[in-house]
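Engineer: Just passing along the structure, written as structure tokens.
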Amino acid sequence: GQQVMQIPQYQHVQEGEDFTTYCNSSTTLSNIQWYKQRPGGHPVFLIQLVKSGEVKKQKRLTFQFGEAKKNSSLHITATQTTDVGTYFCAGRGNQFYFGTGTSLTVIP
Amino acid sequence: EPEVTQTPSHQVTQMGQEVILRCVPISNHLYFYWYRQILGQKVEFLVSFYNNEISEKSEIFDDQFSVERPDGSNFTLKIRSTKLEDSAMYFCASSWAVRETQYFGPGTRLLVL
Numbered sequence: 356g357q358q359v360m361q362i363p364q365y366q367h368v369q370e371g372e373d374f375t376t377y378c379n380s381s382t383t384l385s386n387i388q389w390y391k392q393r394p395g396g397h398p399v400f401l402i403q404l405v406k407s408g409e410v411k412k413q414k415r416l417t418f419q420f421g422e423a424k425k426n427s428s429l430h431i432t433a434t435q436t437t438d439v440g441t442y443f444c445a446g447r448g449n450q451f452y453f454g455t456g457t458s459l460t461v462i463p
Numbered sequence: 029e030p031e032v033t034q035t036p037s038h039q040v041t042q043m044g045q046e047v048i049l050r051c052v053p054i055s056n057h058l059y060f061y062w063y064r065q066i067l068g069q070k071v072e073f074l075v076s077f078y079n080n081e082i083s084e085k086s087e088i089f090d091d092q093f094s095v096e097r098p099d100g101s102n103f104t105l106k107i108r109s110t111k112l113e114d115s116a117m118y119f120c121a122s123s124w125a126v127r128e129t130q131y132f133g134p135g136t137r138l139l140v141l
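Shown next as structure tokens:
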């Protein structure tokens with residue numbers, strides 16, 4: 356069946372360092388969404404990418420959708436302690452699948 | 029800002045008992061979803077609901093699960109005979125259209141003993 360994997364599973368960074376999480380699907384996706392889940396919280400929608408090769412920016416966050424529409428990445432520049440949480444990608448292939456998530460810890 | 033609400037926030041039940049989890053989606057949304065998240069794991073899609081019927085369901089959503097929109101506001105998930113492995117956080121979400129932003133509720137933490 357369809358799988359959506361994310362790497363790394365965990366990432367610890369010093370405040371001010373950059374962070375990237377990668378999302379890879381076993382099948383082509385019609386779109387990709389990114390969510391952030393704070394510890395003990397619920398997923399909160401960040402962005403949706405639809406077009407092949409699309410790049411979108413939200414302040415320090417840069418999202419990219421691969422040319423083959425099977426992978427995506429989220430890059431955070433100069434992390435802050437407020438960036439702590441688990442970042443999930445979610446994509447629609449045969450069904451809507453969440454990725455395995457990357458848990459980000461920011462050390463002040 | 030409108031938000032999805034869920035009740036109860038926590039539910040403890042005995043194995044084999046039926047539970048009903050309740051959700052009030054955002055009022056002008058047309059698509060409703062249930063997800064579950066076992067502690068420390070990823071979010072898993074269960075079912076989507078549109079126009080008073082299931083539009084999509086995952087392999088997890090077997091015969092012990094059912095969904096209903098009993099009135100104009102509530103959206104419920106029923107688990108007929110709970111098992112230990114049903115212990116998880118259950119999130120309801122809603123969206124205006126099928127590929128639009130999904131807004132998640134705060135979740136119901138279900139513990140099956």
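Order-wise, the sequence lines are chains A and B.
When we follow the numbering used here, the leftmost residue of the first sequence carries the number 356, and every step to the right adds one.
When we follow the numbering used here, the leftmost residue of the second sequence carries the number 29, and every step to the right adds one.
Every residue, glycine too, gets a C-beta built ideally from N, C-alpha and C.
T441/A and I431/A: beta carbons closer than 9 Å?
Structural biologist: no
Engineer: With a CB to CB cut of under 8 Å and the five nearest residues on each side skipped, what residues in its chain are close to P98/B?
Structural biologist: T104
Engineer: Taking only beta-carbon atoms, is Q92/B less than 9 Å away from chain A?
Structural biologist: no
Engineer: What does the Cβ neighbour count give for P92/B, buried or exposed, with the cut at 16 atoms within 10 Å?
Structural biologist: One detail in the question is off: residue 92/B reads as Gln in this sequence, not Pro. Q92/B is exposed by the Cβ-count criterion.
Engineer: Which residues does DSSP list as the beta-bridge partners of N426/A?
Structural biologist: N379/A
Engineer: Would you mind telling me which residues of chain C sit closer than 9 Å to G371/A, beta carbon to beta carbon, in chain order?
Structural biologist: Within the model displayed, chain C is absent; protein chains A and B are what it includes.
Engineer: Just to confirm my understanding: we take E409/A, look at its own chain, exclude 5 residues before and 5 after, and list those with CB closer than 6 Å. What are they?
Structural biologist: F420
Engineer: Are F374/A and W389/A close, meaning C-beta to C-beta below 9 Å?
Structural biologist: no
Engineer: Looking at chain A, is there any beta carbon in it that lies within less than 9 Å of the beta carbon of R127/B?
Structural biologist: yes
Engineer: Do you know how far the Cα of N379/A is from the Cα of E87/B?
Structural biologist: 21 Å
Engineer: Between L112/B and the rest of its own chain, which residues show a CB-CB distance below 7 Å, the 5 nearest in sequence each way excluded?
Structural biologist: M43 and V140
Engineer: Give me the Cα-Cα distance between Q361/A and A423/A, rounded to the nearest whole angstrom.
Structural biologist: 17 Å
Engineer: By the DSSP assignment, the beta strand (DSSP E) with F60/B in it spans what residues?
Structural biologist: From DSSP, the beta strand (DSSP E) with F60/B extends over Y59 to Q65.
Engineer: Taking only the alpha-carbon atoms, compute the straight-line gap between S458/A and M117/B and give it to the nearest angstrom.
Structural biologist: 18 Å
Engineer: Which residue marks the beginning of the beta strand (DSSP E) containing Q392/A, and which one marks its end?
Structural biologist: I387 to Q392
Engineer: Return the first residue and the last residue of the beta strand (DSSP E) that H507/A is part of.
Structural biologist: Examination of residue 507/A is not possible in this model, given that chain A is present from 356 through 463 alone.
Engineer: Could you give the distance in angstroms between the alpha-carbon of G26/B and the alpha-carbon of I48/B?
Structural biologist: Nothing can be reported for residue 26/B, as the shown portion of chain B is limited to 29 through 141.
Engineer: Name the chain A residues whose beta carbon is nearer than 7 Å to that of V71/B?
Structural biologist: P398, F443 and F453
Engineer: For N80/B, which residues of its own chain have a beta-carbon under 8 Å away from its beta-carbon, when the five flanking residues on both sides are left out?
Structural biologist: Excluding sequence positions up to five before and after N80/B, its CB lies within less than 8 Å of the CB of R97, all in the same chain and listed in chain order.
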